[in-house]
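Everything on this sheet refers to the single structure shown next.
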Amino acid sequence: MKGEQLLNQSVMWRCWDEFFVPELQNFPGYNQRIWFRQDGVFHTRPTGLYREFVQFFRKLISRRGDINWPPRSPDLTPDGLFLWGYVKSKVYTNKPLPWNN
Numbered sequence: 003m004k005g006e007q008l009l010n011q012s013v014m015w016r017c018w019d020e021f022f023v024p025e026l027q028n029f030p031g032y033n034q035r036i037w038f039r040q041d042g043v044f045h046t047r048p049t050g051l052y053r054e055f056v057q058f059f060r061k062l063i064s065r066r067g068d069i070n071w072p073p074r075s076p077d078l079t080p081d082g083l084f085l086w087g088y089v090k091s092k093v094y095t096n097k098p099l100p101w102n103n
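Counting with the working numbering, you get residues 3 to 103 for the letters of the sequence shown.
As structure tokens, this is what we get:
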């Protein structure tokens, strides 16, 4: 289709340099507060781009990041996992009695 591109290494570098880095630099202390999650990536990833991620984000959720997250993981995303844990903690705070009591 016209105007669409595959997401390859050169497209990722261009997005990183022209969009992500300038936007991130608008937030003071961004690398101290923000967790970057790289999900849905292939088992091979550009090493140079990964080094950039590590440099910009002190906290990285990715394959071989601070929190290991396998590529194309069928499990819940970290956000979904947090939400599920939170909801479960609220639901099971008071154990309900069986109907017959």
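Built from N, CA and C at the ideal position, the CB exists for glycine as well. Values in this document were obtained by computation on a predicted structure and should not be read as measured data.
Review point. Alpha carbon to alpha carbon, how far is residue 84 from residue 28?
Key: In the sequence shown, residue 84 corresponds to position 82, counting from 1. In the sequence shown, residue 28 corresponds to position 26, counting from 1. Those two C-alpha atoms are separated by around 28 Å.
Check your understanding: Under the rule that 16 or more other beta-carbon atoms within 10 Å means buried, what is residue 21, buried or exposed?
Key -> For the purposes of this step, residue 21 is taken as the residue at position 19 of the sequence shown. Exposed, because fewer than 16 other Cβ atoms sit within 10 Å of the Cβ of residue 21.
Review point. Between residue 11 and residue 88, what straight-line distance do the alpha-carbon atoms span, to the nearest angstrom?
Key: For the purposes of this step, residue 11 is taken as the residue at position 9 of the sequence shown. For the purposes of this step, residue 88 is taken as the residue at position 86 of the sequence shown. Going from the Cα of residue 11 to the Cα of residue 88 covers about 37 Å.
Point to revise | Spatial distance of residue 54 from residue 23 (CA atoms) | key: Taking the first residue of the sequence shown as 1, we reach residue 54 at position 52. Taking the first residue of the sequence shown as 1, we reach residue 23 at position 21. Going from the Cα of residue 54 to the Cα of residue 23 covers about 10 Å.
Review point. What's the gap between the Cα of residue 57 and the Cα of residue 31?
Key: Within the sequence shown, the letter at position 55 stands for residue 57. Within the sequence shown, the letter at position 29 stands for residue 31. Going by the C-alpha atoms only, they are around 13 Å apart.
Review point. From which residue to which residue does the alpha helix (DSSP H) around residue 27 run?
Key: By one-based count along the sequence shown, residue 27 stands at place 25. If you look at residue 27, you'll find it isn't in any alpha helix (DSSP H); DSSP assigns it neither H nor E.
Exercise for review: Assign residue 97 to one of three DSSP states: helix, strand, or coil.
Suggested key: The count along the sequence shown starts at 1 and reaches residue 97 at position 95. In the structure shown, the three-state DSSP call for residue 97 is coil.
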